[in-house]
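Those protein sequence lines, which keep their order, are chains F and D.
When we follow my numbering, the leftmost residue of the first sequence carries the number 7, and every step to the right adds one.
When we follow my numbering, the leftmost residue of the second sequence carries the number 9, and every step to the right adds one.
Ideal Cβ positions, reconstructed from N, Cα and C, are used throughout, including at glycine.
Report on one structure; see the data block that follows.
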Amino acid sequence: MPELPDLNPVIHGKLRLALLSLLTGVEEAEFTWLRAKTGSTDGNLGAQLLKLEEAGYVAVEKKFVQRKPQTLYRMTEAGRQALTEYVQVLKELLGPAINS
Amino acid sequence: MNANAEEQELKDRLSLIETMIAEGRRGTESWGWVFLLWGVAYYVAILWSSTSFPGPIWGREFLAWPVTMTITFVLTLVIGTRKQGRGAATTIGRAIAAMWMAMGISMFTLLLSLGLSGRGEQQVFIAVIASMLGTTNAASSIILKWKMQFACAVVWWGAAVASLFANVPQSTMVFVVAIFFCQIVFGIYGMIAEARERKRSSAHA
């Protein structure tokens, strides 16, 4: 079986993979929504989102709604492409085992 | 790490992707309260316009519909904006909100013009409201694949037709019954379904 390093290391982290997958189904999502869906802590979530942002996979927008700060994340085209490629590599690595 | 463990890890990653995509697409918007709010607003407007209350404002029945609808519209915007900051925006959510907003503006403009021009017989007035609600409920139900909402659309279309063949008291009764089932009951049902969904989602997370 091929080795794991073939997979994109930025996406391979469990929380980062979960975040990117969540963002594929929505136009944009609040930090609090992502926290609730993943069950992660503020610190860890912020750090992982920053890594995705630095890789250009997510875009962040900060604004105020009724004087309250709101941080919105959305997946970029590069993020969508990276996730698609990651899934393809996963399927190739698993081969026939994918159905077992 | 042995081959079996590696294989299992890869399968877990694939499963995580599928679960999270499904989780992200799961509706988080809550709309049940809007149906309930507008149902109550219709009842207030009907009561106000058909009863001679004393007082400088309540005594003017012609104000019943424009005033009630404007206040309800503002309330919907205010409460909706407060609720909006709690999650994720989906394309489906935006499509449905756009439909209802467009329907609301059309209905407001048309009914106001009918009222001011004096061409709005009550039966026509009710038929316009019911047919517009039927159209929007049907479109929304098709997008959401929600049979219960399509049933509401059918009730509204039925009410629109019935109103045009009825006299004034009968058309009022048809409207009141349709509001009860398609706004009050459906709104409460929607709120219960949304609460269950939220509970299930938080348990899943």
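Assigned exposure category for P102 (chain F) - 16 Cβ within 10 Å defines buried: The count along the first sequence starts at 1 and reaches residue 102 (chain F) at position 96. Exposed, by the Cβ-count rule.
What is the rounded straight-line gap between the Cα of E205 (chain D) and the Cα of A65 (chain F)? On the second sequence, position 197 is the one that residue 205 (chain D) refers to. On the first sequence, position 59 is the one that residue 65 (chain F) refers to. A65 (chain F) has its alpha-carbon roughly 28 Å from the corresponding atom of E205 (chain D).
What residue range is occupied by the uninterrupted alpha helix (DSSP H) comprising A24 (chain F)? Taking the first sequence and counting its residues from 1, the one referred to as residue 24 (chain F) is at position 18. Its alpha helix (DSSP H) spans residues 20–30.
Closest Cβ-Cβ distance between V16 (chain F) and chain D: below 8 Å? Mapped onto the first sequence, residue 16 (chain F) falls at position 10. So, not an interface residue.
For K97 (chain F), count neighbouring Cβ atoms within 10 angstroms of its own Cβ and tell me buried if that reaches 16, exposed if not. Reading the first sequence from its first residue, position 91 is the one you call residue 97 (chain F). The residue is exposed, with fewer than 16 neighbouring Cβ atoms inside 10 Å.
Expected contact under 8 Å - CB spacing of M140 (chain D) and M115 (chain D) to nearest Å: What you label residue 140 (chain D) is simply residue 132 of the second sequence in a count that begins at 1. What you label residue 115 (chain D) is simply residue 107 of the second sequence in a count that begins at 1. The Cβ separation is near 5 Å, so the contact holds.
Looking at chain D, is there any beta carbon in it that lies within less than 8 Å of the beta carbon of G49 (chain F)? On the first sequence, residue 49 (chain F) is found 43 positions in, with the first residue counted as 1. Closer than 8 Å: no.
Within 10 angstroms of the Cβ of P8 (chain F), are there 16 or more other Cβ atoms? Answer buried if so, exposed if not. Taking the first residue of the first sequence as 1, we reach residue 8 (chain F) at position 2. For P8 (chain F), the predicted model reports a pLDDT of 47, less than 50, meaning its position is unreliable; a value from the coordinates is still stated below. Under this definition P8 (chain F) is an exposed residue.
Throw me the rounded Cβ distance for the E34 (chain F) and R80 (chain F) pair, which I believe falls under 8 Å. Walking along the first sequence from the start, residue 34 (chain F) turns up at place 28. Walking along the first sequence from the start, residue 80 (chain F) turns up at place 74. With 8 Å as the limit, E34 (chain F) and R80 (chain F) qualify as a contact, their Cβ atoms being about 4 Å apart.
Whose C-alpha, out of D:A135, D:R21, D:R208, D:T80, is nearest the C-alpha of N175 (chain D)? In the second sequence, residue 175 (chain D) corresponds to position 167, counting from 1. Taking only the C-alpha atoms, the option nearest N175 (chain D) is D:A135.
Quick check on P15 (chain F): does DSSP put it in helix, strand or coil? For the purposes of this step, residue 15 (chain F) is taken as residue 9 along the first sequence, with counting starting at 1. P15 (chain F) carries a helical assignment under DSSP once its states are collapsed to helix, strand and coil.
If we count Cβ pairs, one from each stretch, closer than 8 Å, do we get three or more for the region 48–62 of chain F versus the region 116–133 of chain D? Verdict: no, contact absent.
Return the chain-ordered list of same chain residues with a C-beta closer than 8 Å to the C-beta of F81 (chain D), the five sequence neighbours on each side being excluded. Here residue 81 (chain D) refers to the residue found at position 73 when the second sequence is read from its first residue. If we look at F81 (chain D) and ignore the five residues flanking it on each side, its Cβ neighbours are G112, F116.
If you run the structure through DSSP and keep just helix, strand and coil, what is K68 (chain F)? Taking the first sequence and counting its residues from 1, one reaches residue 68 (chain F) at position 62. Of the three classes helix, strand and coil, the one that applies to K68 (chain F) here is strand, per DSSP.
Chain F partners of I29 (chain D), CB-CB under 8 Å? Residue 29 (chain D) sits at position 21 when you count from the first residue of the second sequence. Chain F residues near I29 (chain D): S27, L28, T30, G31.
Grab me the residues of S58 (chain D)'s own chain with a C-beta within less than 8 Å of its C-beta, minus the 5 sequence neighbours each way, in chain order. The residue labelled residue 58 (chain D) in the question sits at position 50 within the second sequence. The beta carbon of S58 (chain D) lies closer than 8 Å to those of E69, T180 in the same chain, with the five residues before and after it left out.
So the alpha helix (DSSP H) T77 (chain F) belongs to, where does it begin and stop? The residue labelled residue 77 (chain F) in the question sits at position 71 within the first sequence. Unbroken run through T77 (chain F) is the beta strand (DSSP E), 74–81; no alpha helix (DSSP H).
The region 84–94 of chain F touching the region 41–56 of chain F, judged by at least three CB pairs closer than 8 Å: With the cut-off at 8 Å, the region 84–94 of chain F and the region 41–56 of chain F do not touch.
With DSSP as the reference, identify every bridge partner of E132 (chain F), one or two as the case may be. Because chain F is modelled from 7 through 106, residue 132 (chain F) falls outside the range shown and cannot be assessed.
Are the CB atoms of G5 (chain F) and Y63 (chain F) nearer to each other than 8 Å? Look at the range of chain F in this structure, 7 to 106, and you will see that residue 5 (chain F) is not part of it.
Closest Cβ-Cβ distance between L99 (chain F) and chain D: below 8 Å? Indexing the first sequence from 1 puts residue 99 (chain F) at position 93. Under the Cβ distance rule, L99 (chain F) counts among the residues neighbouring chain D, one pair being separated by less than 8 Å.
For Y63 (chain F), three-class secondary structure by DSSP: Numbered from its first residue, the first sequence carries residue 63 (chain F) at position 57. Taken through DSSP and simplified to helix, strand or coil, Y63 (chain F) comes out as coil.
Does DSSP classify R38 (chain D) as helix, strand or coil? Locating residue 38 (chain D) in the second sequence gives position 30, where the first residue counts as 1. The question names Arg, but residue 38 (chain D) in the sequence shown is Ser. In this structure, S38 (chain D) counts as coil in the three-state DSSP scheme.
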